[in-house]
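Peer 1: Have a look at the structure that comes next, please.
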Amino acid sequence: MNTQGKAVKLAGRRRFLKACGLAGIGAIVCSVTGAFRKVPGAEADFIVISGWVLPSRHFAHPADD
Amino acid sequence: MIKNYQSDKHFRALYDFCVIGGGPAGITLALRLAGHGWRVVLAEGGGLEYTERSQALYRAKSTGRDAYVEASRQRYLGGTSNHWAGRCRPFDPSDFADPPRGGLPGWPIHFIEIDRYLPEAKRILDLPQDSDFKAVNTAIQGEDFIADRFLLSPPTRFAEKYAKELRETEGLDVFINCNCVDLEFDSRTKRLSAAVVSDYDRRRGKIIASNYILAMGAVENARQLLNSNSLASGGVIHKNGFAGCCFMEHLNVDLGSFILKEGSDSSTRQYYTSDTFIRKHRTGKGNATFSIVEQVKSYGRTAAIKDFFKNLACNTGFADKVKFVARFDCPGDGDIGTLIEQFPNRASRISLLNETDELGVRKANVHWEISPEDIRTIKTIGIEVAKRFADSGLGYVKLNESIYGDSSTLAVHPHAHHMGTTRMTATPTHGVVDENCKVFNTDNLYVAGSSIFSRGGACNPTMPILQLALRLVDYLHRHTSK
Chain A
2 MNTQGKAVKL AGRRRFLKAC GLAGIGAIVC SVTGAFRKVP GAEADFIVIS
52 GWVLPSRHFA HPADD
Chain B
97 MIKNYQSDKH FRALYDFCVI GGGPAGITLA LRLAGHGWRV VLAEGGGLEY
147 TERSQALYRA KSTGRDAYVE ASRQRYLGGT SNHWAGRCRP FDPSDFADPP
197 RGGLPGWPIH FIEIDRYLPE AKRILDLPQD SDFKAVNTAI QGEDFIADRF
247 LLSPPTRFAE KYAKELRETE GLDVFINCNC VDLEFDSRTK RLSAAVVSDY
297 DRRRGKIIAS NYILAMGAVE NARQLLNSNS LASGGVIHKN GFAGCCFMEH
347 LNVDLGSFIL KEGSDSSTRQ YYTSDTFIRK HRTGKGNATF SIVEQVKSYG
397 RTAAIKDFFK NLACNTGFAD KVKFVARFDC PGDGDIGTLI EQFPNRASRI
447 SLLNETDELG VRKANVHWEI SPEDIRTIKT IGIEVAKRFA DSGLGYVKLN
497 ESIYGDSSTL AVHPHAHHMG TTRMTATPTH GVVDENCKVF NTDNLYVAGS
547 SIFSRGGACN PTMPILQLAL RLVDYLHRHT SK
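Protein chains in written order, with my numbering: chain A, 2 to 66; chain B, 97 to 578.
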């Protein structure tokens with residue numbers, strides 16, 4: 002994959018994660034755990050799940066790979 | 097000479113300096129001024145050892161968050177140095193260059209004004225002269241946090257260390273069980289004319305001196321100023337003035353826990369907000385300390401933590417992984433504590449009750465309040481240090497819900513660092529003492545100790561208290577005529 006492709010893929014992953022965090026899957030997850038959120042005021046590359054502050058790269062959707 | 101005011105009430109007719117309060121600041125001032133040849137009296141309310149009767153005079157009502165005032169001070173010769181832990185961290189230049197958030201001015205003096213007294217303060221606190229303040233760990237990734245640097249005092253117990261000098265220094269009279277109960281101010285001359293003192297049977301006397309220095313701690317310094325009717329009627333202390341206002345603490349918050357990656361060093365790590373961080377986030381300063389719990393040190397890490405890293409790295413489905421993390425309820429390898437700056441805030445204050453103590457002095461009401469800016473500082477430091485910890489490959493942090501969530505309710509505990517109640521400012525509009533520690537609108541009343549801190553930074557106060565006390569000694573020696 003060329004550099005541009007990787008960038009597009011990365012951007013897509015970030016959009017996906019952001020969407021998850023704000024609504025979509027995030028809402029479903031919250032209904033399960035009540036504990037998923039984007040880090041307040043943080044850059045897009047960290048998420049918080051039940052307090053765990055984790056790099057979002059660990060939560061790439063398999064379909065996104 | 098050390099005299100017991102309970103049985104010996106013979107003061108000199110006139111002292112050059114009357115120092116009230118025998119803690120680190122008071123003892124340093126008294127010994128140094130007497131060493132310069134001045135006639136000095138040091139009045140300590142407690143005795144040579146802890147007694148419940150003396151300690152009870154610290155008892156205050158608390159209407160805000162509990163600052164544990166009585167438990168955190170020691171009311172006998174040596175003051176709170178009798179139980180301090182010994183951590184010494186100096187102020188930074190930026191503590192003096194930048195005003196605190198919230199609209200109040202910061203220090204009216206330059207950092208160099210106290211930095212020049214650092215070597216001598218280190219000597220007093222038995223810190224190695226040839227060693228700079230050290231980090232116990234390596235830096236964390238990024239520019240937001242530095243490895244915190246400090247030195248540990250043995251710790252110095254002032255009454256023990258200076259026992260001989262307090263007994264034998266010529267020109268110095270030390271009175272124990274000698275409680276200040278009033279300050280008599282002459283509004284015509286703008287001078288304090290006497291400090292009224294009492295023994296434990298309410299037998300009173302007066303100390304007459306050319307100059308007076310309050311060195312009783314941030315609660316008591318303010319309390320004595322507020323308690324004096326003559327200071328109020330003389331226009332020195334105003335009902336809506338700053339005496340007692342801006343009571344500050346260092347904020348001790350349980351940020352959460354953390355787990356270490358396999359192979360990471362299990363020593364304690366201490367990180368400190370950099371000036372870059374402060375400029376970027378516009379928060380207060382703070383230390384975050386990562387401490388491994390003893391059980392982990394003894395028995396090694398649990399299998400659950402090892403599994404956590406394994407599962408996090410594996411390529412499972414998004415929802416399953418989130419569910420797994422959300423259910424990972426592990427106490428972790430260690431906990432994260434803090435020492436975070438609180439900004440000065442007028443609503444956080446000492447005031448007086450009508451109820452009096454055993455000696456007839458109005459009791460203090462401590463209303464310790466945390467502002468939204470302070471909460472923002474805590475949350476920002478918590479979130480950012482957690483991110484940098486992960487970035488550095490050390491492991492992961494689990495923040496408490498109160499840190500990452502929207503709640504404004506936080507469990508904040510004090511560090512027994514009382515500051516700010518007689519703050520130093522350039523003009524009386526926002527403070528109590530001027531840049532020479534003199535109470536505004538008086539000619540001979542000074543204040544020493546952390547009550548004069550314009551902002552508290554995130555360093556332990558004892559060493560800066562000494563730096564400022566040494567500076568005050570120099571000023572008083574130079575500007576007092578024989």
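No residue lacks a Cβ here, since even glycine has one placed at the ideal position from N, Cα and C. Please read all numbers here as calculations on a predicted model, not as lab measurements.
Figure out for me which residue from B/F343, B/T252 and B/S326 has the closest Cα to the Cα of B/E280.
Peer 2: Along the second sequence, read from residue 1 onward, the residue named residue 280 of chain B stands at position 184. Nearest option by C-alpha distance: B/S326.
Peer 1: Whole angstroms is fine: what's the gap from B/H509's alpha carbon to B/H346's?
Peer 2: Here residue 509 of chain B is taken as the residue at index 413 of the second sequence, counted from 1. Here residue 346 of chain B is taken as the residue at index 250 of the second sequence, counted from 1. Rounded to the nearest angstrom, the two C-alpha atoms are 8 Å apart.
Peer 1: Whose Cβ in chain B lies nearer than 8 Å to the Cβ of A/S57?
Peer 2: Taking the first residue of the first sequence as position 1, residue 57 of chain A is located at position 56. None at all; the shortest Cβ gap to chain B is about 11 Å.
Peer 1: The beta strand (DSSP E) that contains B/E280, what's its start and end?
Peer 2: Position 184 of the second sequence, counted from the start, is the residue given in the question as residue 280 of chain B. N275 to D282 is the extent of the beta strand (DSSP E) around B/E280.
Peer 1: Cutting at 6 Å between CB atoms, please list the residues of its own chain near B/F404, excluding the five before and the five after it.
Peer 2: The residue labelled residue 404 of chain B in the question sits at position 308 within the second sequence. Cβ within range, chain order: F424.
Peer 1: Given B/A482, which residues of its chain have a CB within under 7 Å of its CB, disregarding the five upstream and five downstream residues?
Peer 2: Here residue 482 of chain B is taken as the residue at index 386 of the second sequence, counted from 1. If we look at B/A482 and ignore the five residues flanking it on each side, its Cβ neighbours are V493 and L495.
Peer 1: What does DSSP give as the partner residues of B/Y111 in its beta bridges?
Peer 2: The count along the second sequence starts at 1 and reaches residue 111 of chain B at position 15. DSSP, once it has assigned bridges, lists B/A305 as partnering B/Y111.
Peer 1: With 8 Å as the threshold, decide whether the Cβ of B/F414 is near any Cβ in chain A.
Peer 2: Counted from its first residue, the second sequence places residue 414 of chain B at position 318. Cβ-Cβ to chain A under 8 Å: yes for B/F414.
Peer 1: Among B/F414, B/L572 and B/A291, whose alpha-carbon lies nearest the alpha-carbon of B/Y110?
Peer 2: Mapped onto the second sequence, residue 110 of chain B falls at position 14. Residue identity check: residue 110 of chain B is Leu in the sequence provided, not Tyr. Nearest C-alpha to B/L110: B/A291.
Peer 1: Restricting to Cα atoms, I'd like to know which of B/L138, B/R219, B/K335 and B/V315 is closest to B/R263.
Peer 2: Translated into positions along the second sequence, residue 263 of chain B becomes position 167. With distances taken between Cα atoms, B/R263 lies closest to B/L138.
Peer 1: Taking only beta-carbon atoms, is B/I432 less than 8 Å away from chain A?
Peer 2: Within the second sequence, numbered from 1, the residue matching residue 432 of chain B stands at position 336. Taking Cβ atoms only, chain A never reaches closer than 8 Å to B/I432, which makes this a no.
Peer 1: Checking contacts by CB at 8 Å: is A/A12 closer than that to chain B?
Peer 2: Counting from 1 along the first sequence, the entry for residue 12 of chain A is found at position 11. Note that A/A12 scores 44 on pLDDT, short of 50, meaning its location in the model is unreliable; the coordinates nonetheless yield the value given after this. Not one chain B Cβ lies under 8 Å of A/A12.
Peer 1: Against chain A, with Cβ distances strictly below 8 Å, would B/L408 count as a contact?
Peer 2: Working through the second sequence from its first residue, we reach residue 408 of chain B at position 312. Cβ-Cβ to chain A under 8 Å: yes for B/L408.
Peer 1: Enumerate in chain order the residues of its own chain whose CB-to-CB distance from B/F241 is below 7 Å, with the five nearest sequence positions on each side excluded.
Peer 2: The residue you call residue 241 of chain B lines up with position 145 of the second sequence. Excluding sequence neighbours, B/F241 sits near Y367, Y368, T369, S370, F373, V481 and R484.
Peer 1: Kindly confirm or deny that the stretch 440-454 of chain B and the stretch 413-431 of chain B touch, where touching means at least three C-beta pairs closer than 8 Å.
Peer 2: No, they do not touch.
Peer 1: Would you mind reading off the limits of the alpha helix (DSSP H) that contains B/S498?
Peer 2: What you label residue 498 of chain B is simply residue 402 of the second sequence in a count that begins at 1. Looking at the DSSP string, the run of the alpha helix (DSSP H) that includes B/S498 is E497 to Y500.
Peer 1: Go to B/T372, then tell me how far its alpha helix (DSSP H) extends in each direction, as first and last residue.
Peer 2: Along the second sequence, one-based indexing puts residue 372 of chain B at 276. Looking at the DSSP string, the run of the alpha helix (DSSP H) that includes B/T372 is D371 to H377.
Peer 1: Does the ligand ZN have a heavy atom nearer than 7 Å to the CB of B/H526?
Peer 2: The ligand ZN is not among the ligands present in this structure, which contains no ligands whatsoever.
Peer 1: Leaving aside the five residues before and after B/S283 along the sequence, list all residues of the same chain whose C-beta is less than 6 Å from its C-beta, in chain order.
Peer 2: Here the question's residue 283 of chain B lines up with position 187 in the second sequence. Answer for B/S283: G330, listed in chain order.
Peer 1: Three-state secondary structure (DSSP) at B/Q102?
Peer 2: For the purposes of this step, residue 102 of chain B is taken as the residue at position 6 of the second sequence. Looking at B/Q102 - three-state DSSP - the assignment turns out to be coil, as it is neither helix nor strand.
Peer 1: What are the start and end residues of the beta strand (DSSP E) that includes B/F414?
Peer 2: Within the second sequence, the letter at position 318 stands for residue 414 of chain B. No beta strand (DSSP E) holds B/F414; the alpha helix (DSSP H) holding it covers F414 to R423.
Peer 1: Residues in the stretch 488-499 of chain B with C-beta within 9 Å of chain A's C-beta atoms, listed in sequence order?
Peer 2: The residues in question are Y492, V493, K494, L495, N496, E497 and I499.
Peer 1: Here's the rule I'm using: 16 or more other beta-carbon atoms within 10 Å means buried, otherwise exposed. How should B/L248 be labelled?
Peer 2: Within the second sequence, numbered from 1, the residue matching residue 248 of chain B stands at position 152. That one is exposed.
Peer 1: Check this for me: beta carbons of B/I116 and B/F254, under 8 Å apart or not?
Peer 2: Start at 1 with the first residue of the second sequence, and residue 116 of chain B comes out as number 20. Start at 1 with the first residue of the second sequence, and residue 254 of chain B comes out as number 158. No, Cβ-Cβ distance for B/I116 and B/F254 is not below 8 Å.
Peer 1: Got a sec, what are the start and stop residues for the beta strand (DSSP E) B/S447 sits in?
Peer 2: Numbered from 1 along the second sequence, position 351 holds the residue referred to as residue 447 of chain B. Where B/S447 is concerned, the enclosing beta strand (DSSP E) stretches over R445 to T452.
Peer 1: B/M97: buried (16+ other C-beta within 10 angstroms of its C-beta) or exposed?
Peer 2: Mapped onto the second sequence, residue 97 of chain B falls at position 1. Classification of B/M97: exposed, given that the 10 Å Cβ count is below 16.
Peer 1: Does B/Q366 come out as helix, strand or coil in the three-state DSSP assignment?
Peer 2: Position 270 of the second sequence, counted from the first residue, corresponds to residue 366 of chain B. Strand, per DSSP.
Peer 1: Using the beta-carbon count (16 or more within 10 Å), is B/P186 buried or exposed?
Peer 2: On the second sequence, position 90 is the one that residue 186 of chain B refers to. B/P186 is buried by the Cβ-count criterion.
Peer 1: Looking at the structure shown, is B/G119 part of a helix, part of a strand, or coil, going by DSSP?
Peer 2: Position 23 of the second sequence, counted from the first residue, corresponds to residue 119 of chain B. Coil, per DSSP.
Peer 1: Compute the beta-carbon to beta-carbon distance between B/Y101 and B/N273, rounded to the nearest angstrom, for a pair I have assumed lies under 8 Å.
Peer 2: To locate residue 101 of chain B, count along the second sequence from 1; it is residue 5. To locate residue 273 of chain B, count along the second sequence from 1; it is residue 177. Contact flag correct, Cβ pair sits at about 5 Å.
Peer 1: Could you work out which residue in B/S150, B/A443 and B/L490 is closest to B/N233 when comparing CA atoms only?
Peer 2: Residue mapping note: residue 233 of chain B aligns to position 137 of the second sequence, counting from 1. When each option's Cα is compared against that of B/N233, the closest is B/L490.
Peer 1: In chain order, what residues of the same chain have a beta carbon less than 7 Å from the beta carbon of B/G133, not counting five sequence neighbours either side?
Peer 2: As a first step, residue 133 of chain B is located in the second sequence; it is residue number 37 there, counting from the start. These residues qualify, in order along the chain: G267.
Peer 1: Using DSSP bridges, identify the partner residues of B/N461.
Peer 2: On the second sequence, residue 461 of chain B is found 365 positions in, with the first residue counted as 1. Answer is B/K157 and B/S447.
Peer 1: According to DSSP, which residues form a beta bridge with B/T385?
Peer 2: On the second sequence, residue 385 of chain B is found 289 positions in, with the first residue counted as 1. B/Q366 and B/G433.
Peer 1: Of all the residues that make up the stretch 465-482 of chain B, which are near chain A by a beta-carbon distance shorter than 7 Å?
Peer 2: Answer in chain order: I479 and A482.
Peer 1: With C-beta atoms as the reference, is B/G160 less than 8 Å away from B/H463?
Peer 2: Position 64 of the second sequence, counted from the start, is the residue given in the question as residue 160 of chain B. Position 367 of the second sequence, counted from the start, is the residue given in the question as residue 463 of chain B. Yes, the Cβ-Cβ distance between B/G160 and B/H463 is below 8 Å.
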